[in-house]
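Sequence order for the protein chains is A and B.
For the first sequence, the positions run 39 to 178 when my numbering is used.
For the second sequence, the positions run 39 to 178 when my numbering is used.
What follows is a set of notes on a single structure, which appears directly below.
Protein chains: 2
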Amino acid sequence: MKISTKGRYALRLMLDIAMHDTIEPVRLKDTAERQNISVKYLEQIISALVRAGYVKSIRGPQGGYRLMKKPTEYTVGMILRQVEGNMVPVSCLEDEAVDCERQEQCVTLRIWKELDVAMRSVLDKYTLADLMGWQQEITP
Amino acid sequence: MKISTKGRYALRLMLDIAMHDTIEPVRLKDTAERQNISVKYLEQIISALVRAGYVKSIRGPQGGYRLMKKPTEYTVGMILRQVEGNMVPVSCLEDEAVDCERQEQCVTLRIWKELDVAMRSVLDKYTLADLMGWQQEITP
DNA sequence: TTATTTCATATTGACATACTAGGAAAAAGG
DNA sequence: CCTTTTTCCTAGTATGTCAATATGAAATAA
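Structure below.
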């Protein structure tokens, strides 16, 4: 019941890009240094975010990555779901789940559903913009 | 980010014992049949619950298991924590966590903390007694 | 043409998950 | 005492996931 490094790093990566979005796109090399994560691992993580259309890449020298939307438009949940998969607490709640025959009588399912709602309510409440604000409070 | 079968089965196991608590203790053989889980796997799961003092075992013929407390005294979270471990969403929040040097500047930690609170609020709100009530509504 | 960047795919080692297997220990009933 | 039924304990095993590293190709700015 843990969020993987991929998910946690993805959030820090997106925040790092958002915080350093100037005329120049953000290079993974720089993010890697600032966040203390290997470039190679970041490459893997960001590929999912590129595929999702969350960031756009510019190749070659002076290349890098840039956000496609405003920081207010990325919730934490959106980012996690791209790299972690669906983020539901039990597979019974997955869209592709074959519904099991005991589902109607399954009282534990009520718990999992409510847990799912509670998790979403947190993860979809905050956006990158919120994280940016907090970050600026700490390191002005 | 999934609850394992062990956690889910543990909850069904405890509910099954609670629902069939009569003069006779509940045998795993019967639970296994009702819940469609192997006796061997249930044995493993229940050992953690015995160790925690949640159920008491009676060996030999006419043996089985019995709850140590009233169903109202077991929250879902308590049961899950025994078999799944601490149930916090990131290891930074574990009691034994070596606190990382970036903790003070870590804005993502705020998210994880709030996620943890939200999860607890659901998992510690419901007890076995609630589950029993729901079950009885469905199959009177 | 070279250096710098992203892009794509494969490989690795460690660990976790979801079980099954085999037998020992306890105890009730005859 | 003996047999059967139950829990108890340890080990094994197949599969998968995690957390990376490694290798090299493709694009592009200067």
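Quick reminder that beta carbons are idealized off the backbone N, C-alpha and C, glycines included.
Quantities reported herein were computed from a predicted structural model and do not represent experimental measurements.
Under the three-pair Cβ rule at 8 Å, the region 151-165 of chain A does not count as touching the region 67-81 of chain A. In this structure, DSSP gives residue 77 of chain A a helical state, which the three-state scheme calls helix.
At a cut-off of 9 Å between C-beta atoms, residue 178 of chain A does not count as an interface residue with respect to chain B. About 5 Å separates the Cβ atoms of residue 166 of chain B and residue 112 of chain B, confirming a contact at the 8 Å cut-off. For residue 156 of chain B, the chain A residues whose Cβ falls inside 7 Å of its Cβ are 156, 157, 159, 160, in order along the chain. DSSP lists no beta-bridge partner residue for residue 83 of chain A. Take the alpha-carbon of residue 174 of chain B and the one of residue 147 of chain B: they are about 41 Å apart. Sorting A:143, A:164, A:109, A:133 by C-alpha distance to the C-alpha of residue 54 of chain A places A:109 at the top. For the pair residue 40 of chain A and residue 121 of chain B, the CB atoms are not nearer than the 9 Å cut-off. Neighbours of residue 122 of chain B in chain A, taken as residues at a C-beta separation under 9 Å, are given in chain order as 39. Taking the Cα positions, residue 98 of chain A is about 12 Å away from residue 64 of chain A. Cβ contact annotation for residue 72 of chain A (same chain, cutoff 7 Å, sequence separation greater than five): 54, in chain order. Listed along chain A are 149, each with a C-beta nearer than 7 Å to that of residue 164 of chain B. Contact annotation, residue 117 of chain A with residue 57 of chain A: C-beta distance approximately 15 Å; criterion of less than 8 Å not satisfied.
DSSP places residue 44 of chain B in the uninterrupted alpha helix (DSSP H) bounded by 43-57.
Residue 61 of chain A and residue 101 of chain A have their alpha carbons spaced roughly 11 Å apart.
Restricting attention to A:156, A:59, A:50, the CA atom closest to the CA of residue 84 of chain A is found in A:50. Distance between residue 163 of chain A and residue 170 of chain A, taken at the CA atoms: about 14 Å. For residue 143 of chain A against residue 177 of chain B, the beta-carbon gap comes to about 6 Å, under 8 Å, which counts as contact. Spatial neighbours of residue 67 of chain B in its own chain (CB-CB distance under 7 Å, excluding positions within 5 residues in sequence) are listed in chain order as 77.
Residues of the same chain with a CB within less than 7 Å of the CB of residue 81 of chain B, apart from the 5 flanking positions on each side, are 66 in chain order. Taking CB atoms only, residue 64 of chain B has no neighbour in chain A less than 9 Å away. Distance between residue 44 of chain A and residue 96 of chain B, taken at the CA atoms: about 46 Å.
For residue 160 of chain A, the enclosing alpha helix (DSSP H) starts and ends at 146-161.
For residue 171 of chain A, the uninterrupted alpha helix (DSSP H) segment begins and ends at 166-176.
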